[in-house]
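Residue numbering for the sequence shown follows numbering that gives the first Met the number 0, starting at 0 and increasing by one per position.
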Amino acid sequence: MAKTNNKLTAKFVQSLKPDGSCKKHQDGGGLYLHQMKTANYWRCRYNINNSDKIFTIGEFPTISLAEARTARDDLKKMVANGIDPNINKRILKETDSTDTVKSLSLEWFVQRHRHEVSEEHAKKNLRKLEKDVFPLIGNMQIRNVTPQILLGVLRKIEERGTIETANRTKTVFGKMIRYAIATGRAERDITIDLRDALKPVNSKHYAAFTDPNKVAEYLKTVENYKGSHVVMIAIKMLPYLAQRPGEVRLMMWKDIDFEKKQWVYTPFKRKSKESHIVPLAEQVISMLNEIKPFCGESEYVFPGERGWSRPISDNTFNKAYRSLGYNNKELVAHGWRSTFRTIGAEVLEFPVEWLEMQLAHVVKDPLGRAYNRTQYIKQRTKMMQKWADYLDELKSEKA
Numbered sequence: 000m001a002k003t004n005n006k007l008t009a010k011f012v013q014s015l016k017p018d019g020s021c022k023k024h025q026d027g028g029g030l031y032l033h034q035m036k037t038a039n040y041w042r043c044r045y046n047i048n049n050s051d052k053i054f055t056i057g058e059f060p061t062i063s064l065a066e067a068r069t070a071r072d073d074l075k076k077m078v079a080n081g082i083d084p085n086i087n088k089r090i091l092k093e094t095d096s097t098d099t100v101k102s103l104s105l106e107w108f109v110q111r112h113r114h115e116v117s118e119e120h121a122k123k124n125l126r127k128l129e130k131d132v133f134p135l136i137g138n139m140q141i142r143n144v145t146p147q148i149l150l151g152v153l154r155k156i157e158e159r160g161t162i163e164t165a166n167r168t169k170t171v172f173g174k175m176i177r178y179a180i181a182t183g184r185a186e187r188d189i190t191i192d193l194r195d196a197l198k199p200v201n202s203k204h205y206a207a208f209t210d211p212n213k214v215a216e217y218l219k220t221v222e223n224y225k226g227s228h229v230v231m232i233a234i235k236m237l238p239y240l241a242q243r244p245g246e247v248r249l250m251m252w253k254d255i256d257f258e259k260k261q262w263v264y265t266p267f268k269r270k271s272k273e274s275h276i277v278p279l280a281e282q283v284i285s286m287l288n289e290i291k292p293f294c295g296e297s298e299y300v301f302p303g304e305r306g307w308s309r310p311i312s313d314n315t316f317n318k319a320y321r322s323l324g325y326n327n328k329e330l331v332a333h334g335w336r337s338t339f340r341t342i343g344a345e346v347l348e349f350p351v352e353w354l355e356m357q358l359a360h361v362v363k364d365p366l367g368r369a370y371n372r373t374q375y376i377k378q379r380t381k382m383m384q385k386w387a388d389y390l391d392e393l394k395s396e397k398a
């Protein structure tokens, strides 16, 4: 028969007065209220390393029934990850609380990380720790986090099927702990011991057109889109830019230089704060001028339907493709980058360096140094105009 949790009621617990009877009133899951002589205490039984132990949560009514149950659930999570609650509690008392995983992570974020990468990238990395690391080991001292404890945390992420997130969280944790080492709060980078411990990340292959005939078919089909005019322009413009759809949907008017015919922004996937220059073909400038009267008062080029204060959603492109009859095995928004890279190299014979820089990839010279963002800007400007003209030629071809 399955064990039942939450057997006690707040009214019953309130009625129990300290009487020295030493009675244990079971709530389930190891949690019980211990009726002592001078006070009643919440305690929880647990087993770790084949040893039965008891953890004192706190005194009632200072700790309510609901709070005790939350503490019991947190305790179970710690045990599941190989952390002994009693040892952890003792360590917390013996060590400066500013050296916890959470406090050090926040310090690293403010003092270091947000200054070495873009703000968006830094916040995204911090969210990984906030979501999956802090709830389990946020209060642990950084010196006491072993490779096995961290692996337990990362395994929890893997269990959700998010293999890439587990690997990236390990990387972020490694950056934080190296900061702790540099500031004298940790001795070694434990992520090194987990180098081959996680499941490998499979490379993503986005559905994309690599056949010019398929591209031509799409460019003609998109003219039949029945949705909003804003989304119509967005899905028409995306192939002409070769940028990530997540960047395009967030495009802002302040980043468009109509005189230079450039879009200058900081890619949120780029680790550095260096901005990316996207040359805009005449066709793109024309589309921007077409849409400006409809949404020029919004800071976003492509504002959402619910209001101009927000951009279109991240699923807008793919949703529009589905409405045009393309399934996700045929076409996804990110696939246009592959289309540009493949046809640009194989059909139009653009140099690889130009293509990679247009895609906001880091390109290095023969000495291993990253090219400056303005490198090949004149060549890339001509390339993007030629690419746009090529797309127009495909669209105008008769089926």
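Backbone N, C-alpha and C define an ideal beta-carbon position, used for all residues, glycine too. Quantities reported herein were computed from a predicted structural model and do not represent experimental measurements.
- If the five residues before and after Tyr31 are omitted, its C-beta is found closer than 7 Å to the C-beta atoms of Lys23, His24, Gln25, Arg42, all from its own chain and listed in chain order.
- Following the DSSP letters along the chain, one finds Lys23 inside the beta strand (DSSP E) bounded by residues 23-27.
- Per DSSP, the continuous beta strand (DSSP E) segment holding His275 begins and ends at 275-278.
- A residue is called buried when at least 16 other Cβ atoms come within 10 angstroms of its Cβ; Pro244 meets this threshold and is buried.
- The beta carbons of Pro146 and Leu193 sit closer together than 8 Å.
- By the criterion of a C-beta distance shorter than 6 Å, Glu186 is surrounded by no residue of its chain, once the five residues flanking it on both sides are discounted.
- Between Thr168 and Lys127, the gap from beta carbon to beta carbon is short of 8 Å.
- Boundaries for Glu129: no beta strand (DSSP E) harbours it, while the alpha helix (DSSP H) harbouring it runs 118-131, taken from the DSSP string.
- Here the alpha carbon of Phe316 sits roughly 8 Å from the alpha carbon of Ala233.
- Proximity to Lys36 across Gly27, Leu15, Ser395 peaks at Leu15, based on C-alpha coordinates.
- With a cutoff of 8 Å on beta-carbon distance, Val152 and Val132 are scored as near each other.
- Nearest to Ile189 by alpha-carbon distance, out of Thr99, Phe172, Leu358, Thr341, is Phe172.
- Per DSSP, the unbroken alpha helix (DSSP H) holding Lys155 starts and ends at 146-158.
- Segment contact: the region 248-265 against the region 337-355, fewer than three CB-CB distances shorter than 8 Å; contact not assigned.
- Val346: not part of any beta strand (DSSP E); DSSP gives it neither H nor E.
- With contacts defined by Cβ atoms closer than 8 Å, Tyr299 and Met231 do not form a contacting pair.
- Leu323 and Val221 do touch by the CB rule: their CB atoms are close to 7 Å apart, below 8 Å.
- Take Ala9, set aside five residues on each side of it, and the residues of its chain with a beta-carbon closer than 6 Å to its own are Leu64, in chain order.
- The residues Ile342, Val346, Leu393, in chain order, have a CB closer than 7 Å to that of Pro211 in the same chain once the five nearest residues on each side in sequence are set aside.
- In the three-state reduction of the DSSP assignment, Glu66 falls in the helix class.
- Put simply, of Val100, Lys318, Trp335, Pro60 the residue whose alpha carbon is nearest the alpha carbon of Gly137 is Val100.
- A straight line joining the alpha-carbon of Lys174 with that of Pro134 spans about 19 Å.
- The C-beta of Lys235 has 16 or more other C-beta atoms within 10 Å across all chains shown, which makes the residue buried.
- Counting along the chain, His33 sits inside the beta strand (DSSP E) bounded by residues 30-34.
- Measuring C-alpha to C-alpha distances from Glu118 to each of Phe339, Leu358, Ser274 identifies Ser274 as the nearest.
- A direct Cα-to-Cα measurement between Met77 and Asn4 gives close to 19 Å.
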